[in-house]
Amino acid sequence: VSGLRVLTLLPGIGQKKAQQLINLLAESQFRFDAWSEFKPPAATVEHWPLFVRLMKNLSSPQSEKRGISAEVHQVRTFYSPLLDQQYDNATSRQRDLEQLEQVASRFSSRMSFLEEITLDPPSSTQDVSAASGADDDDFLVLSTIHSSKGLEWDAVYVLQAADGSIPSEMSLESEDEIDEERRLFYVALTRAKNWLYVCFPHRQYFQNRRWNQAHSYAQLTRFVSPKTIPLFQRRPAFSADALDTPQEAEIETTAEDIRKNIRNMWSA
Numbered sequence: 001v002s003g004l005r006v007l008t009l010l011p012g013i014g015q016k017k018a019q020q021l022i023n024l025l026a027e028s029q030f031r032f033d034a035w036s037e038f039k040p041p042a043a044t045v046e047h048w049p050l051f052v053r054l055m056k057n058l059s060s061p062q063s064e065k066r067g068i069s070a071e072v073h074q075v076r077t078f079y080s081p082l083l084d085q086q087y088d089n090a091t092s093r094q095r096d097l098e099q100l101e102q103v104a105s106r107f108s109s110r111m112s113f114l115e116e117i118t119l120d121p122p123s124s125t126q127d128v129s130a131a132s133g134a135d136d137d138d139f140l141v142l143s144t145i146h147s148s149k150g151l152e153w154d155a156v157y158v159l160q161a162a163d164g165s166i167p168s169e170m171s172l173e174s175e176d177e178i179d180e181e182r183r184l185f186y187v188a189l190t191r192a193k194n195w196l197y198v199c200f201p202h203r204q205y206f207q208n209r210r211w212n213q214a215h216s217y218a219q220l221t222r223f224v225s226p227k228t229i230p231l232f233q234r235r236p237a238f239s240a241d242a243l244d245t246p247q248e249a250e251i252e253t254t255a256e257d258i259r260k261n262i263r264n265m266w267s268a
């Protein structure tokens with residue numbers, strides 16, 4: 001199936017011709033030299049020798065030793081001119097391929113790379129363009145952590161970095177699930193190129209009591225350890241004067257703080 005898809009990306013080659021080429025390849029024990037004698041349609045005459053050379057390079061034992069990112073770069077270099085010819089929105093598709101090349105640099109084998117992008121593919125930059133306007137660079141991207149895999153932005157805001165949200169309260173009964181939440185948090189933190197903001201709420205309001213002000217004090221996510229906190233430049237979202245009490249301007253809330261506040265409520 002993958003071979004048919006690749007071949008039909010070439011202009012002038014349809015499903016029937018692609019299947020003939022796959023059969024020819026199988027008969028030659030999958031040696032791409034067999035394609036060298038093929039007379040391509042006029043629309044792909046200039047592309048065919050380059051395509052055969054690319055496939056021979058990728059199938060050589062030395063190819064994977066050069067790195068997965070280098071292999072993706074070879075494919076992107078070949079395919080970019082075809083993108084420009086076949087698609088009106090070629091620019092956004094080019095960005096997708098550039099991003100894919102960056103993602104590939106994190107993997108040591110084709111198998112691990114293909115497994116990752118198959119099971120959890122990164123979001124397409126075309127989705128961003130469609131929502132914001134391809135000519136408008138001033139837009140905000142809202143993304144789940146899962147969908148952000150493989151993507152990067154100049155500035156990233158990670159919201160709700162509190163226990164119960166990160167990690168999710170639904171995952172607290174299993175160490176494996178907590179480890180997966182930790183990996184997701186790492187993904188979120190590493191999406192930022194230059195600016196990373198981790199937002200921690202002082203209070204968490206109960207969702208099933210939306211008609212009143214019932215809330216609890218939030219606790220900073222366990223994934224930001226006490227040793228890590230000094231590495232952040234910490235600041236409240238509002239000044240102390242804008243909050244109910246000066247103590248609420250503190251960024252960190254511990255279990256002892258919560259117990260103390262509860263005792264104060266009854267001793268007043």
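Just so you know, this note's numbering puts the end of the sequence shown at 268, numbered straight through with nothing missing.
All residues carry an ideal CB built from backbone N, CA and C; glycine is no exception.
Residue i classed as buried or exposed, judged by whether at least 16 other C-beta atoms fall within 10 angstroms
{"i": "His146", "result": "exposed"}
{"i": "Tyr87", "result": "exposed"}
{"i": "Arg191", "result": "buried"}
{"i": "Pro81", "result": "exposed"}
{"i": "Ala161", "result": "buried"}
{"i": "Pro167", "result": "buried"}
{"i": "Thr221", "result": "buried"}
{"i": "Ala104", "result": "buried"}
{"i": "Val156", "result": "buried"}
{"i": "Pro246", "result": "Residue placement at Pro246 cannot be trusted, given a pLDDT of 42 that sits under 50; the coordinates are not used to answer."}
{"i": "Gly133", "result": "With a pLDDT of 44 at Gly133, under the threshold of 50, the predicted position of this residue should be treated as unreliable, though the coordinate-derived value follows. Its Cβ having fewer than 16 others within 10 Å, Gly133 is exposed."}
{"i": "Tyr79", "result": "buried"}
{"i": "Ala188", "result": "buried"}
{"i": "Leu114", "result": "exposed"}
{"i": "Arg263", "result": "exposed"}
{"i": "Ser2", "result": "exposed"}
{"i": "Arg93", "result": "buried"}
{"i": "Ile251", "result": "Note on Ile251: pLDDT 49, under 50, position unreliable in the model; no value is reported."}
{"i": "Leu142", "result": "exposed"}
{"i": "Leu7", "result": "buried"}
{"i": "Glu256", "result": "exposed"}
Nearest-angstrom beta carbon gap, residue j and residue i [assumed within contact, 8 Å]
{"i": "Gln219", "j": "Asp163", "result": "5 Å"}
{"i": "Arg182", "j": "Phe232", "result": "With a Cβ gap of about 18 Å, Arg182 and Phe232 do not count as contacting."}
{"i": "Glu276", "j": "Ser60", "result": "Look at the range of the chain in this structure, 1 to 268, and you will see that residue 276 is not part of it."}
{"i": "Met55", "j": "Phe32", "result": "5 Å"}
{"i": "Thr44", "j": "Gly12", "result": "5 Å"}
{"i": "Leu4", "j": "Gln19", "result": "7 Å"}
{"i": "Ile178", "j": "Leu172", "result": "7 Å"}
Residue i versus the options, residue with shortest Cα-Cα distance
{"i": "Leu159", "options": "Thr144, Glu173, Pro11 and Trp153", "result": "Thr144"}
{"i": "Cys199", "options": "Ala70, Arg93 and Ile229", "result": "Ile229"}
{"i": "Phe272", "options": "Gln15, Pro49, Leu50 and Ile68", "result": "No information on residue 272 is available, as it lies outside the stretch 1 to 268 that the chain covers here."}
{"i": "Lys149", "options": "Ile262, Glu173 and Leu100", "result": "Leu100"}
{"i": "Ser271", "options": "Gln204, Asn194, Leu140 and Val141", "result": "Not covered by the structure: residue 271. The range shown for the chain is 1 to 268."}
{"i": "Lys17", "options": "Ala26, Leu151, Pro40 and Leu142", "result": "Pro40"}
{"i": "Thr77", "options": "Leu4, Phe51, Ala26 and Phe185", "result": "Phe51"}
{"i": "Leu9", "options": "Leu58, Asp257, Gln85 and Glu116", "result": "Gln85"}
{"i": "Arg234", "options": "Ser92, Leu83 and Leu196", "result": "Leu196"}
{"i": "Lys260", "options": "Tyr217, Lys227 and Pro236", "result": "Tyr217"}
{"i": "Asp270", "options": "Leu151, Ser36, Leu140 and Thr118", "result": "With the chain covering 1 to 268 only, the question about residue 270 has no answer from this structure."}
{"i": "Ala237", "options": "Lys65, Trp35, Leu25 and Pro201", "result": "Pro201"}
{"i": "Arg53", "options": "Pro226, Asp257, Ala34 and Ala26", "result": "Ala34"}
{"i": "Asn194", "options": "Arg66, Leu184 and Trp153", "result": "Trp153"}
{"i": "Pro49", "options": "Ser36, Ala42, Met170 and Ile178", "result": "Ser36"}
{"i": "Arg66", "options": "Glu46, Asp257, Ser109 and Phe38", "result": "Ser109"}
Opposing strand residues paired with residue i [DSSP bridges]
{"i": "Asp67", "result": "Reading off the sequence, residue 67 comes out as Gly, not Asp. Answer is none; Gly67 lacks a bridge partner."}
{"i": "Gly164", "result": "Ser168"}
{"i": "Arg203", "result": "Tyr217"}
{"i": "Trp153", "result": "Ala192"}
{"i": "Tyr186", "result": "Bridge partners of Tyr186: none, in fact."}
Worksheet entry | Those runs of the beta strand (DSSP E) which lie wholly inside the segment 47-107 and span at least 3 residues | none
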